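**Q**
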Amino acid sequence: MVSIVESVNHYNQQNDQSAYNSQKDFLFLDSNNTSWADALPQKQGLYDPDYEKDSCGVGFIVHIRGAPSHKILSDARDVLCNMTHRGAVGSDARDGDGAGVMTGIPHEFFHQETTRLGIHLPPQGQYAVGNVFFKPEHAVTEECKLIFEQTAKSLNLKVLGWREVPKNDSILGPAAKSREPIILQPFVTLASYDPDSSSNSSLNDIDKFDEAYFSRQLYILRKQTTHIITVKKWYYICSLSNKNIIYKGQLAPVQVYNYFHDLNNVAYKTHFALVHSRFSTNTFPSWDRAQPMRWCAHNGEINTLRGNKNWMRAREGIMKSDSFGQDLDLLYPIIEEGGSDSAAFDNVL
1 MVSIVESVNH YNQQNDQSAY NSQKDFLFLD SNNTSWADAL PQKQGLYDPD
51 YEKDSCGVGF IVHIRGAPSH KILSDARDVL CNMTHRGAVG SDARDGDGAG
101 VMTGIPHEFF HQETTRLGIH LPPQGQYAVG NVFFKPEHAV TEECKLIFEQ
151 TAKSLNLKVL GWREVPKNDS ILGPAAKSRE PIILQPFVTL ASYDPDSSSN
201 SSLNDIDKFD EAYFSRQLYI LRKQTTHIIT VKKWYYICSL SNKNIIYKGQ
251 LAPVQVYNYF HDLNNVAYKT HFALVHSRFS TNTFPSWDRA QPMRWCAHNG
301 EINTLRGNKN WMRAREGIMK SDSFGQDLDL LYPIIEEGGS DSAAFDNVL
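Going by full-length UniProt numbering, the sequence shown opens with residue 1, and the numbers climb by one from there.
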């Protein structure tokens, strides 16, 4: 006789396979697909991915005097989970529309982790770190990492090393699992930094460190590598900054802290946390479309999206910048293909 547990397990396995197969049938993979990891269908019938809009929930918690603590991060978990009603899930409750959290850079935590990996970090604020999505194929990942490092070198930057983000993928549903990326963290600083030298005066003296220049070079690095590598290889930079970092994915709010082990480490301290729960109204969920974005957490529902994007593209022909100079051309297009309305807004910020 088949037990109830065996029957339920068999039903769940059938459900998982059915959900995965139906997703594969619906995506209509195509060489011209401009979405990250081909996660969205092509334009067909009344459906057009260019008109996709979000409708979401946002929460923010901060210590007004800027004192970092793990409690801020822990309280943000409650805020995020309390906004479950502002997000959504698929036919399988393990497939969320997207959720995530932005925090300050937890220097103590990263110093602890990089020391274990043999990476020597400069003082806080003088290095950048971010979460980057890669296709889960070793050769593709290594190729993308090499392009990232070479581009960084050309911009007077240096990649000190990489760290793989520990995660629990057993909680993912079939749709999220089918597009789950490898998530790596690059640690980037100015090329002049030498961890074996005691003469890093400009990097040890915060008054001599040119933060504006560093931020500009990081921005060019993100834009240039995105244009070179393209979304076809599942390449997506969630964040790359010396001030904040973003953990996000195609998750439900209750899954975020269970998926990312880093967020539960007591050494992870931050003075603020910005959380987001996505409801992909009339849109499709994907890992890259989860929020927060690099600069904001946004509700979406931008009704003038097409006009806004066209005007922004038109402005590229007359843009000038004393800060970027000729490097301005490396930033175009400002609005990246395949993103949501919130992503387009974030690109312009």
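Glycine included, each C-beta is placed from N, C-alpha and C at the ideal position.
Remember, it's a predicted structure, so these values are computed and weren't measured experimentally.
Does the count of Cβ pairs from the stretch 110 to 130 and the stretch 176 to 195 closer than 8 Å reach three?
**A** Flag = yes, the stretch 110 to 130 and the stretch 176 to 195 touch.
**Q** Thinking C-beta only, is residue 272 closer than 8 Å to residue 62?
**A** On the sequence shown, residue 62 is found 62 positions in, with the first residue counted as 1. On the sequence shown, residue 272 is found 272 positions in, with the first residue counted as 1. Yes, they are a contact pair.
**Q** Taking only the alpha-carbon atoms, compute the straight-line gap between residue 94 and residue 254 and give it to the nearest angstrom.
**A** Here residue 94 is taken as the residue at index 94 of the sequence shown, counted from 1. Here residue 254 is taken as the residue at index 254 of the sequence shown, counted from 1. So the two alpha carbons sit approximately 10 Å from each other.
**Q** Which residue wins for smallest C-alpha separation from residue 103, given the options 152, 227 and 246?
**A** To locate residue 103, count along the sequence shown from 1; it is residue 103. Comparing Cα positions, the closest option is 246.
**Q** Just tell me which of 340, 279, 332 and 274 has its CA closest to the CA of residue 304.
**A** Locating residue 304 in the sequence shown gives position 304, counting from the first residue. For the residues 340, 279, 332 and 274, the minimum Cα distance to residue 304 belongs to 340.
**Q** Are the CB atoms of residue 248 and residue 118 within a distance shorter than 8 Å?
**A** Working through the sequence shown from its first residue, we reach residue 118 at position 118. Working through the sequence shown from its first residue, we reach residue 248 at position 248. No, the pair does not count as a contact, with Cβ atoms beyond the cut-off.
**Q** If we count Cβ pairs, one from each stretch, closer than 8 Å, do we get three or more for the stretch 67 to 85 versus the stretch 262 to 272?
**A** Contact between the stretch 67 to 85 and the stretch 262 to 272 is present, because at least three Cβ pairs lie under 8 Å.
**Q** In three-state terms, what does DSSP make of residue 304?
**A** Reading the sequence shown from its first residue, position 304 is the one you call residue 304. Looking at residue 304 - three-state DSSP - the assignment turns out to be coil, as it is neither helix nor strand.
**Q** Can you look up residue 333 in the DSSP assignment and give me helix, strand or coil?
**A** By one-based count along the sequence shown, residue 333 stands at place 333. Coil.
**Q** Thinking C-alpha only, which one of 172, 159, 212 and 175 is nearest residue 194?
**A** As a first step, residue 194 is located in the sequence shown; it is residue number 194 there, counting from the start. Among 172, 159, 212 and 175, the Cα nearest to that of residue 194 is on 159.
**Q** In chain order, what residues of the same chain have a beta carbon less than 8 Å from the beta carbon of residue 113, not counting five sequence neighbours either side?
**A** Along the sequence shown, one-based indexing puts residue 113 at 113. Closer than 8 Å at Cβ, skipping near neighbours: 163.
**Q** Buried or exposed: residue 264, going by 16 or more other Cβ atoms within 10 Å of its Cβ?
**A** Counting from 1 along the sequence shown, the entry for residue 264 is found at position 264. Residue 264 comes out exposed.
**Q** How about residue 227: is its Cβ closer than 7 Å to a heavy atom in the ligand GTP?
**A** With respect to small molecules bound, the structure shown includes none, and the ligand GTP cannot be examined in it.
**Q** Under 6 Å Cβ to Cβ from residue 243, same chain only, skipping five residues before and after it: list those, please.
**A** Within the sequence shown, the letter at position 243 stands for residue 243. The answer is none, since no qualifying residue turns up.
**Q** Mind listing, in chain order, the continuous alpha helix (DSSP H) runs of no fewer than 4 residues lying wholly within the stretch 112 to 185?
**A** Taking only runs of at least 4 residues, the alpha helix (DSSP H) segments lying wholly in the stretch 112 to 185 are 138 to 154 and 174 to 178.
**Q** Can you grab the Cα-Cα spacing for the pair residue 215 / residue 291, in whole Å?
**A** To locate residue 215, count along the sequence shown from 1; it is residue 215. To locate residue 291, count along the sequence shown from 1; it is residue 291. Distance between the alpha carbons of residue 215 and residue 291: 21 Å.
**Q** Are residue 319 and residue 328 close, meaning C-beta to C-beta below 8 Å?
**A** In the sequence shown, residue 319 corresponds to position 319, counting from 1. In the sequence shown, residue 328 corresponds to position 328, counting from 1. Cβ atoms of residue 319 and residue 328: closer than 8 Å.
**Q** From which residue to which residue does the alpha helix (DSSP H) around residue 213 run?
**A** Translated into the one-based positions of the sequence shown, residue 213 becomes position 213. It spans 211 to 229 - the alpha helix (DSSP H) in which residue 213 sits, taken as one unbroken run.
**Q** Please determine, among 43, 141 and 105, the residue with the shortest C-alpha to C-alpha distance to residue 274.
**A** Against the sequence shown, residue 274 aligns to sequence position 274. Residue 105 is the option with its Cα nearest to residue 274.
**Q** Which residues in the same chain as residue 224 place their Cβ atom closer than 7 Å to its Cβ, once the five residues preceding and following it in sequence are excluded?
**A** Translated into the one-based positions of the sequence shown, residue 224 becomes position 224. Excluding residues within five positions, the ones whose Cβ falls inside 7 Å are 151 and 330.
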